[in-house]
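2 protein chains.
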Amino acid sequence: MSLRAIEEKDIQYFQSILESKNVLVDQENLEKYSHDETEDISVLPGIVLKPETTKNVSDILKYCNQEKIAVTPSGARTGLSGGAIPIKGGVNLSMERFDQILEIDEKNYQVTVEPGVIVEVLQDTLKEKGLFYPPDPASKGSCFIGGNLSENSGGPKAVKYGVTNEYVLNLEVVLADGSIIWTGANVLKNATGYNLTQLVVGSEGTLCVITKAVLKLIPHPTQDLLILVPFRDSVQACEAVAKIFNAGITPSGMEFMERDAIVYALEFMGDSTLSIPDDIQAHLLIEVDGNNKEVLFQEIEKIMEVLEAFDTDEILFAEDQSQKDQLWSIRRKVGEAVKAQSIYKEEDTVVPRYELPKLLQTVKSIGKEYGFDSVCYGHAGDGNLHINILKGEMSDQKWNQELSLAIRKLFEKVIALGGTISGEHGIGLVQKEYMDIPFGQVELDLMKGIKKVFDPNGILNPDKVLK
Amino acid sequence: MSLRAIEEKDIQYFQSILESKNVLVDQENLEKYSHDETEDISVLPGIVLKPETTKNVSDILKYCNQEKIAVTPSGARTGLSGGAIPIKGGVNLSMERFDQILEIDEKNYQVTVEPGVIVEVLQDTLKEKGLFYPPDPASKGSCFIGGNLSENSGGPKAVKYGVTNEYVLNLEVVLADGSIIWTGANVLKNATGYNLTQLVVGSEGTLCVITKAVLKLIPHPTQDLLILVPFRDSVQACEAVAKIFNAGITPSGMEFMERDAIVYALEFMGDSTLSIPDDIQAHLLIEVDGNNKEVLFQEIEKIMEVLEAFDTDEILFAEDQSQKDQLWSIRRKVGEAVKAQSIYKEEDTVVPRYELPKLLQTVKSIGKEYGFDSVCYGHAGDGNLHINILKGEMSDQKWNQELSLAIRKLFEKVIALGGTISGEHGIGLVQKEYMDIPFGQVELDLMKGIKKVFDPNGILNPDKVLK
Numbered sequence: 002m003s004l005r006a007i008e009e010k011d012i013q014y015f016q017s018i019l020e021s022k023n024v025l026v027d028q029e030n031l032e033k034y035s036h037d038e039t040e041d042i043s044v045l046p047g048i049v050l051k052p053e054t055t056k057n058v059s060d061i062l063k064y065c066n067q068e069k070i071a072v073t074p075s076g077a078r079t080g081l082s083g084g085a086i087p088i089k090g091g092v093n094l095s096m097e098r099f100d101q102i103l104e105i106d107e108k109n110y111q112v113t114v115e116p117g118v119i120v121e122v123l124q125d126t127l128k129e130k131g132l133f134y135p136p137d138p139a140s141k142g143s144c145f146i147g148g149n150l151s152e153n154s155g156g157p158k159a160v161k162y163g164v165t166n167e168y169v170l171n172l173e174v175v176l177a178d179g180s181i182i183w184t185g186a187n188v189l190k191n192a193t194g195y196n197l198t199q200l201v202v203g204s205e206g207t208l209c210v211i212t213k214a215v216l217k218l219i220p221h222p223t224q225d226l227l228i229l230v231p232f233r234d235s236v237q238a239c240e241a242v243a244k245i246f247n248a249g250i251t252p253s254g255m256e257f258m259e260r261d262a263i264v265y266a267l268e269f270m271g272d273s274t275l276s277i278p279d280d281i282q283a284h285l286l287i288e289v290d291g292n293n294k295e296v297l298f299q300e301i302e303k304i305m306e307v308l309e310a311f312d313t314d315e316i317l318f319a320e321d322q323s324q325k326d327q328l329w330s331i332r333r334k335v336g337e338a339v340k341a342q343s344i345y346k347e348e349d350t351v352v353p354r355y356e357l358p359k360l361l362q363t364v365k366s367i368g369k370e371y372g373f374d375s376v377c378y379g380h381a382g383d384g385n386l387h388i389n390i391l392k393g394e395m396s397d398q399k400w401n402q403e404l405s406l407a408i409r410k411l412f413e414k415v416i417a418l419g420g421t422i423s424g425e426h427g428i429g430l431v432q433k434e435y436m437d438i439p440f441g442q443v444e445l446d447l448m449k450g451i452k453k454v455f456d457p458n459g460i461l462n463p464d465k466v467l468k
Numbered sequence: 002m003s004l005r006a007i008e009e010k011d012i013q014y015f016q017s018i019l020e021s022k023n024v025l026v027d028q029e030n031l032e033k034y035s036h037d038e039t040e041d042i043s044v045l046p047g048i049v050l051k052p053e054t055t056k057n058v059s060d061i062l063k064y065c066n067q068e069k070i071a072v073t074p075s076g077a078r079t080g081l082s083g084g085a086i087p088i089k090g091g092v093n094l095s096m097e098r099f100d101q102i103l104e105i106d107e108k109n110y111q112v113t114v115e116p117g118v119i120v121e122v123l124q125d126t127l128k129e130k131g132l133f134y135p136p137d138p139a140s141k142g143s144c145f146i147g148g149n150l151s152e153n154s155g156g157p158k159a160v161k162y163g164v165t166n167e168y169v170l171n172l173e174v175v176l177a178d179g180s181i182i183w184t185g186a187n188v189l190k191n192a193t194g195y196n197l198t199q200l201v202v203g204s205e206g207t208l209c210v211i212t213k214a215v216l217k218l219i220p221h222p223t224q225d226l227l228i229l230v231p232f233r234d235s236v237q238a239c240e241a242v243a244k245i246f247n248a249g250i251t252p253s254g255m256e257f258m259e260r261d262a263i264v265y266a267l268e269f270m271g272d273s274t275l276s277i278p279d280d281i282q283a284h285l286l287i288e289v290d291g292n293n294k295e296v297l298f299q300e301i302e303k304i305m306e307v308l309e310a311f312d313t314d315e316i317l318f319a320e321d322q323s324q325k326d327q328l329w330s331i332r333r334k335v336g337e338a339v340k341a342q343s344i345y346k347e348e349d350t351v352v353p354r355y356e357l358p359k360l361l362q363t364v365k366s367i368g369k370e371y372g373f374d375s376v377c378y379g380h381a382g383d384g385n386l387h388i389n390i391l392k393g394e395m396s397d398q399k400w401n402q403e404l405s406l407a408i409r410k411l412f413e414k415v416i417a418l419g420g421t422i423s424g425e426h427g428i429g430l431v432q433k434e435y436m437d438i439p440f441g442q443v444e445l446d447l448m449k450g451i452k453k454v455f456d457p458n459g460i461l462n463p464d465k466v467l468k
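For the record, the sequence lines run as chains A and B. End of the first sequence = 468 in our numbering, gap-free, step of one. End of the second sequence = 468 in our numbering, gap-free, step of one.
Below is the structure:
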């Protein structure tokens, strides 16, 4: 199916249905909306549209579907797999005007939000009412809930509380032909037809455009404790992760950071309060939460007992909220800090938790074989390891030609360990060439069939996820 | 698409690929496999097949797909929406030989099971290792995990721990054309392509046949407390439900039983140890669980405080395990006991928790209007109310012709309250005529499109879920 470029008549049509501030064709804006946070990739859209209502979205999609114009939905453009890059030109459909928290239903522990609400704003607003929406990626201060829904985001709390899809009850979406539907109902359990809601979550804007979401909430835990554990051996740090769970503890945070990850983050933040001894290879940042401090102290004690079997340095017990904030802030800055070091590629591997040590060893041995350095960190409690491959001194030729072989080898090992190639960043643009590793042709054909049912003309985020 | 009946040549083919004990055409077996637990509906299959391996399932489906023969997958046939009734004849594909727990992966808190494993057997086996698989419908002593996956079952623990789909990591399934695929990966988070796993869960055997499931486990809580609270006003009992959650408590069980439900169950079980005072209209059975008894006592105290605002009789605090078992057993027997009273229809409505009182009032007022009695009970913490409509003295003509109007009116109110028509029993055969109430034509067309992608010839559980 061939899609066509934006023409003058399209601009006129969009100007007829949207306010002029919401129809952008100037170079500066086209550039601004040409990329997300994925490597250094950038492709200009033909036009940027900022709908303000579901009706706007419906009108735009209906028109583009008739005219065969590509539509790439975008949010805060903090994505790491290139999902919001308008690689086929056409419309960049920015959902930033959908920024309202529509209803906080305290009686039923539900919230109805628009997709352009910043995740941290949502969390903070809810917390004031004692309510908790747990999933929050490192970019929570800027990313939109709509992007989180589209990528099925995780974040550090997922280990105890689950990822985005576990909190989605119902979605208002606009289909490619402009139809507006709700995918489910505002209920905690639902056995009524196929689960369209769960099909849309994580579909990366390729099936429809989300215009409202009804999310499940839980009571906000009132207490938490946080420790930072330095390990002299990074493989041991990975091993400790599963051991802690096997002791019957479910931490609310279980983050792994290689030495370089934390060192780069401290440099990046200009933070000199924390010094990392030379012999430390990795850290675990471990949080427990709940409503009873005594129980949490017992849990930390149990964790300490497990850790005795490992070669750790002195454990830092966060003394107060400000130290907790500092430690979490370091963790949240790691991604940005590592990416500031070099041209990079980031892989978002996930394996069963116990296989983490093998995954880390595999990364390092493939790195040696292909001559790249890597910095690894991530949500170890979920078995989710973010692998940042740094170009450093690698030649352009090697980087451009050989690296994909190395990544392929890594992903094959991930699959062999029972894992898969993306835990929370999505496939988007940059991982789609590897989709034949987790899936065979039959599974890919099912996915293509589903895409065709939702979007027969292939206008929605074309050439993403699937080839 | 027209499907054809079983012929002699089909029997010969099936005998060539299966052992003779697994190919049944005698009247007694055809009758045995002609129904599940749904009302009094029964339709004979042309043949009953009991595959023993995934390869068997694949061969059977491949053949039936080529020959256009209906295949109705069945498990323990405890379903309540007619999903396992072979309404188009053809093959009843009984998965009862798939009865193995293949691997308990304690290190990763995962289990790999075949679909024919009885849920209680799975739970008990896991509990011995300190592991917990929470979803367990009232029929847990006989129902299969495969049926639970197909219907997205809930059960009393769902209120705290979630329903079946929240525990499914990966599925091996056979497609209509005989292809064998895995839908996902054995990981806690997954952002790799469309969520085929969640699409299959709850699809009621209409998209594919599940042959293996990898399920997430959690540590088994070590402590629980149980109370039975008698209310003089059944609407007040419903009101108390949301109030308890709003006090910040998440019980691990929150069951509602109308007076008749518990009275019938006690009669049915011949249990005279519990007497229900004349002025009691309803009960809540409330459980809290965790690992710290003191915390649980605090939670029960908080619940008691909330209950002070309601007109309750003396609260029964279960003294020991045997009394807990007795109370749960009464709750689990309610369905069977109520159904033994009269010809019945059961509706599986679900609404946001706070709307429960309105739902109950609606049921009773529609009952008055149309002249039927009803007994209501269910998982009140989830807003999931099972409504048993009893035929009693109603004329056949009224029962057969007017009742569906009453049900339609009820379901319309359920939707207006933000709910939907099935919380955990599925749509199957008996609710499909009402699917136009929760969904419009666009949503139904999407579902039909998805069905077509998976099963182009429409052989898998034909005429279920969708018309």
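Quick reminder that beta carbons are idealized off the backbone N, C-alpha and C, glycines included.
With 9 Å set as the bound, which would you pick, yes or no: does the beta-carbon of A/M96 sit closer than that to a beta-carbon of chain B?
-> no
Measure from the C-beta of B/E425 to each C-beta in chain A and report whether the shortest distance is under 9 Å.
-> Yes, its Cβ sits closer than 9 Å to a Cβ of chain A.
Measure how close the beta-carbons of B/M96 and B/G117 come, nearest whole angstrom, since I'm counting them as under 8 Å.
-> 5 Å
Please name the residue, chosen from A/E444, A/G271 and A/V236, that lies closest to A/Y355 on a Cα-to-Cα basis.
-> A/V236
Inter-residue spacing [alpha-carbon to alpha-carbon] between B/G372 and B/R78 | 31 Å
Assuming B/P87 contacts B/P46 under a Cβ cut-off of 8 Å, what Cβ separation, rounded to an integer in Å, is found between them?
-> 4 Å
Closest Cα partner of B/L328 within the set B/D272, B/E370 and B/N153 = B/D272
Output yes or no for whether 9 Å exceeds the beta carbon distance between A/E107 and A/L132.
-> yes
Opposite B/Q322 in the DSSP bridges: which residues?
-> According to DSSP, which records beta bridges pairwise, B/Q322 is partnered with nothing at all.
Across which residues does DSSP place A/Q224 in a beta bridge pair?
-> A/G291
Residue range of the beta strand (DSSP E) that B/I181 falls in?
-> Membership of B/I181 in the beta strand (DSSP E) is indicated by the continuous run I181 to W183.
Just checking, does the segment 225 to 235 of chain A make contact with the segment 281 to 300 of chain A on the three C-beta pairs under 8 Å criterion?
-> yes
Alpha-carbon to alpha-carbon, A/A266 and A/P231 = One Cα belongs to A/P231, the other to A/A266, and the distance between them is close to 16 Å.
Assigned secondary structure, A/L19 (DSSP; H/G/I helix, E/B strand, else coil) = coil
Hey, does A/T421 have any beta-carbon neighbour from chain B nearer than 9 Å?
-> True, the Cβ-Cβ gap to chain B drops below 9 Å.
So, are the CB atoms of B/H36 and B/K128 less than 9 Å apart?
-> no
By Cβ distance, which residues of its chain are closer than 6 Å to B/R332, with the 5 residues on each side in sequence left out?
-> E256 and L286
Starting from B/D60, follow the alpha helix (DSSP H) in both directions and report where the run begins and ends.
-> T55 to E68
Length-filtered (3 minimum) beta strand (DSSP E) runs lying within the segment 66 to 137 of chain B = 72 to 75, 92 to 95, 102 to 106 and 111 to 114
Residue closest to B/G382, alpha-carbon to alpha-carbon, out of B/A310, B/L411 and B/E240 | B/E240
Among residues of its own chain, excluding the 5 on either side of A/Q199, which ones have a beta-carbon nearer than 8 Å to its beta-carbon?
-> N166 and V169
Measuring alpha carbon to alpha carbon, tell me which of A/Q402, A/P138 and A/I304 ends up nearest A/K244.
-> That would be A/I304, whose Cα lies nearest to the Cα of A/K244.
Closest by C-alpha distance to B/G76, when choosing among B/K89, B/K56, B/Q398 and B/K33 | B/K33
Where A/P138 falls, given that 16 or more other Cβ within 10 Å makes a residue buried | buried
For A/N149 versus B/N191, is the C-beta spacing smaller than 9 Å?
-> no
Using 9 Å as the limit for Cβ to Cβ distance, is B/G194 near chain A?
-> yes
Identify which residue in A/A417, A/S405 and A/L411 has its Cα closest to the Cα of A/H387.
-> A/L411
B/D437 by DSSP, collapsed to three states: which one?
-> coil
With DSSP as the reference, label A/L406 as helix, strand or coil.
-> Collapsing the DSSP output to three states places A/L406 in a helix.
Ordered along the chain, which non-local residues of its own chain (more than five positions away) have a Cβ less than 8 Å from that of A/N30?
-> Cβ within range, chain order: V49.
Hey, could you find the ends of the beta strand (DSSP E) B/N385 is sitting in?
-> N385 to L391
How about A/E205 and A/I12: are their beta carbons less than 9 Å apart?
-> no
Under the DSSP definition of a beta bridge, which residues are partnered with A/H380?
-> A/N385
Between A/Q237 and chain B, is there a C-beta pair that is closer than 9 Å?
-> no
Within the same chain, show all residues whose beta-carbon is closer than 8 Å to that of A/V201, passing over the 5 residues directly before and after it, in chain order.
-> L150, L172, V174, T184, L208, C209 and I211
Give the residues from the segment 250 to 265 of chain A that approach chain B closer than 9 Å (Cβ to any Cβ), ordered along the chain.
-> I250 and T251
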